[in-house]
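Per our numbering, residue 123 is the first one in the sequence shown, and the count goes up by one each step.
Take a look at the structure set out below.
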Amino acid sequence: MTRAKVPIAVFVSGRGRTLVNLAAQIEAGALPARIALVVGSKACDATTWAIERRIATEIAPRLAVEDVERLVREHGVHWIVLAGYIKHLPIPTSMRGRIVNIHPALLPKFGGKGMYGHRVHQAVLDSCETESGCTVHYVDDVYDHGDVIAQVRCAVEAGDTPETLAARVFALECALYPRVLAELFAEKALGTRDQALG
123 MTRAKVPIAV FVSGRGRTLV NLAAQIEAGA LPARIALVVG SKACDATTWA
173 IERRIATEIA PRLAVEDVER LVREHGVHWI VLAGYIKHLP IPTSMRGRIV
223 NIHPALLPKF GGKGMYGHRV HQAVLDSCET ESGCTVHYVD DVYDHGDVIA
273 QVRCAVEAGD TPETLAARVF ALECALYPRV LAELFAEKAL GTRDQALG
């Protein structure tokens with residue numbers, strides 16, 4: 123039995139590596155989704171990638187809640203997936219519990235406004251942490267604050283730089299995010315209660 127493909131909007135701000143990974147997982151049949159819309163906080167590599175593939179794309183440096191509601195309605199979006207999106211996202215009431223993000227650290231540590239990219243990994247190293255990882259969480263009205271859904275950990279190794287740690291964490295993200303999304307989509311389709319994923 124073929125699983126229905128869930129229409130998602132992917133919000134981006136940069137190179138689009140997470141977007142490309144999600145698309146690859148969809149193509150491979152591991153993630154039962156369809157990228158109905160890509161929204162960029164600016165024109166960037168990620169929006170260029172989407173436009174080249176004829177995916178509906180919006181460049182929106184500022185969004186009001188009414189704008190998000192319109193985009194969701196016009197494109198039939200069921201879930202919003204943040205993929206390196208660094209702006210604050212106003213959340214329509216209809217989408218609460220249907221917006222998720224992945225963060226390159228073990229929240230609640232090393233999250234919040236301005237904590238993205240190599241800044242996160244530098245902060246981990248500066249704090250002499252022995253482990254790092256990534257976190258998938260629901261999005262609420264505060265940066266990196268929503269309920270944690272899943273985390274994966276890795277060791278911080280002697281001699282790590284922000285670049286080497288980032289590469290190791292991103293490899294974890296590429297495996298974790300599509301798996302968690304697939305499980306969330308299945309839970310909603312079955313009408314089951316949301317629960318933390320291991």
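For each residue, glycine too, the CB sits at the ideal point set by N, CA and C.
Fair warning: this is a prediction, and the values are worked out from it, not measured in the lab.
Item                                                                                                                                                     : Value
Please give me, in chain order, every unbroken run of the beta strand (DSSP E) with length at least 3 that falls completely inside the segment 226–308.  : 253–260 and 270–277
Below 8 Å on the Cβ atoms is my contact criterion, and I expect G219 with D266 to pass it. Report the Cβ-Cβ distance as a whole number of Å.             : That belief does not hold up - the Cβ atoms of G219 and D266 are roughly 17 Å apart, past 8 Å.
Quick one: any contact between the segment 123–141 and the segment 203–210, if contact means 3 or more CB pairs under 8 Å?                               : yes
Kindly indicate which residue of D262, A289 and G236 has the alpha-carbon position closest to the one of C256.                                           : A289
Alpha carbon to alpha carbon, what distance is there between H200 and V274?                                                                              : 26 Å
By the 10 Å Cβ neighbour count, where 16 or more other Cβ atoms means buried, how is I181 classified, buried or exposed?                                 : exposed
From I173, L211 and V258, pick the residue whose C-alpha is nearest to that of V187; which is it?                                                        : L211
Are V302 and A272 closer than 8 Å when you measure CB to CB?                                                                                             : yes
In terms of residues, what are the limits of the beta strand (DSSP E) holding V132?                                                                      : V128 to V134
So, at 8 Å on beta carbons, what are the nonlocal neighbours of S216 in its own chain, with the 5 sequence-adjacent residues on each side left out?      : E191 and V194
Evaluate contact between the segment 238–255 and the segment 274–284, counting only Cβ atoms and requiring at least three cross-stretch pairs below 8 Å. : yes
Rounded to the nearest angstrom, what separates T169 and V160 at their Cα positions?                                                                     : 7 Å
Could you have a look at V161 and say whether DSSP puts it in helix, strand or coil?                                                                     : strand
So who's on the other strand from R156, going by DSSP bridges?                                                                                           : P129
Going by DSSP in three states, I208 sits in which element: helix, strand or coil?                                                                        : coil
Locate the alpha helix (DSSP H) running through T169, then write down its first and last residues.                                                       : D167 to E174
Just confirm the distance between the C-beta atoms of E295 and I224, as a whole number of angstroms; I'd bet it's less than 8 Å.                         : 5 Å
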